[in-house]
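Numbering (the working numbering), first residue to last: 516 to 879. We put the CB at the ideal spot given by N, CA and C, even for glycine. Note that this is a predicted model, so its numbers are computed, not measured.
Spelled out as structure tokens, the structure:
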């Protein structure tokens, strides 16, 4: 049976989960929301009612030992299995026994009435932090075992602004449209980053009910997301000094995640610029370009920023730029080369003569 995220939240709050549940989707924000709610609801009786394990690090016996036990407090025991998409066949077979028999009477509770035993349950929550295809083994297993399934879908780009307004409204303040657009751009659509932003705004806003763009810029000046945003903008206007300063500020927060976020955002903007140049070459109108690039609400970018970006970044340079970004991404994930030095040369040019990497100048 499939349920929505809203229905899942209601069931967790009511402690009305069935024996097995599968949540899947790429958006980290929703996974964290479900985890926080599960912990708040089930981690009672000294915390014995809640446990988190990782599928990648447990053999079938260990997995069954965690998921098959009950809470010492006599209530429902919720076991969360992270990275569920990595579960192997023998692990899934072990979990079948738990999903099929969620209720279990223990010897120490034999004298307790059946009414009290209704709450002595085992709940196994499988969390797959990726989008699963309908033919995926885990989804097929869940359907066969009649496990409740919830897909944690992310808002579409066109829905992000309304999603953000709803979130901040629930905290008792509001943002104007210009500020909302700025925050969506700043986060590159990452919901976890957006949630951290409005949590910070809520913390420092005091009694203010309406937050403007200048206040948001000031509050987020030293944030990770603002550094990524400023670094990317500096690259496309070819401001080497600012790009260098923001790059190194981002990497001080988190080197690996900083590299990945800058590469991802640069790639997204470069592909958008390539599409812009191709559409313009075909004679497309401003409205058609805005619709294709999903900039209907921000058509001003096509008048103020994109023409200048296209002049400084012709198609040949963009192709070389994207190839180099792909090499950095590969270095971070697999090859072990000096990804930071490679990205530095892309962002600010070959300005580090001691670098172990040898590349042609991107800005030529």
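- C-alpha of residue 650 to C-alpha of residue 602: approximately 15 Å in a straight line.
- If you ignore the 5 residues before and after residue 678, its C-beta comes within less than 7 Å of the C-beta of 670, all in its own chain and listed in chain order.
- The C-alpha of residue 836 lies about 45 Å from the C-alpha of residue 658.
- Cβ contact annotation for residue 757 (same chain, cutoff 6 Å, sequence separation greater than five): 749, in chain order.
- In the three-state reduction of the DSSP assignment, residue 644 falls in the coil class, being assigned neither a helical nor a strand state.
- In the displayed model, residue 666 falls within a strand according to three-state DSSP.
- Taking 9 Å as the cut-off, the beta carbon of residue 744 is found closer than this to the beta carbon of residue 780.
- In the three-state DSSP reduction, residue 638 falls in the strand class (E or B).
- Taking 9 Å as the cut-off, the beta carbon of residue 705 is found closer than this to the beta carbon of residue 740.
- About 4 Å separates the Cβ atoms of residue 539 and residue 643, confirming a contact at the 8 Å cut-off.
- Beta-bridge annotation (DSSP): residue 592 is paired with 637.
- Under the DSSP definition of a beta bridge, residue 689 partners with 725.
- Non-local C-beta neighbours of residue 791 in its own chain, meaning closer than 7 Å and more than five positions away in sequence, comprise 804, 808, 821, 825, ordered along the chain.
- Here the alpha carbon of residue 840 sits roughly 32 Å from the alpha carbon of residue 572.
- Under the Cβ criterion (8 Å, minimum of three pairs), the segment 728 to 736 counts as touching the segment 712 to 719.
- Along the segment 778 to 802, the beta strand (DSSP E) does not occur as any fully enclosed run of 3 or more residues.
- Sequence-distant Cβ neighbours of residue 575 in its own chain, meaning closer than 6 Å and more than five residues away, are 605, 606, 609.
- With contacts defined by Cβ atoms closer than 9 Å, residue 646 and residue 537 do not form a contacting pair.
- A Cβ-Cβ distance of about 5 Å is found for the pair residue 564 and residue 592, placing them in contact under the 8 Å criterion.
- Look at residue 855 here: in three-state DSSP terms it is helix.
- Bridge partners of residue 540 according to DSSP: none are assigned.
- Per DSSP, residue 843 is one residue of the alpha helix (DSSP H) stretching across 830 to 845.
- DSSP, reduced to helix, strand and coil, places residue 566 within a strand of the structure shown.
- For the set 568, 845, 793, the Cα lying nearest the Cα of residue 828 is the one of 793.
- Contact check for residue 543 against residue 570 fails: the beta carbons are separated by 9 Å or more.
- The continuous alpha helix (DSSP H) containing residue 710 extends over residues 706 to 719.
- Between the segment 516 to 532 and the segment 682 to 689, the count of C-beta pairs closer than 8 Å stays below three; the two stretches do not touch.
- Taking each of 680, 702, 701, 703 in turn and checking the Cα distance to residue 692, the smallest one comes out for 680.
- Counting other Cβ atoms within 10 Å of its Cβ, residue 796 stays below 16 and is therefore classed as exposed.
- In terms of CA proximity to residue 817, 802 leads the group 830, 802, 831.
- With a 10 Å radius around the Cβ and a threshold of 16 neighbouring Cβ atoms, residue 860 comes out buried.
- The beta carbon of residue 842 sits closer than 7 Å to those of 857, all from its chain and outside the five residues before and after it, given in chain order.
- Residue 712 and residue 702 have their C-alpha atoms some 9 Å from each other.
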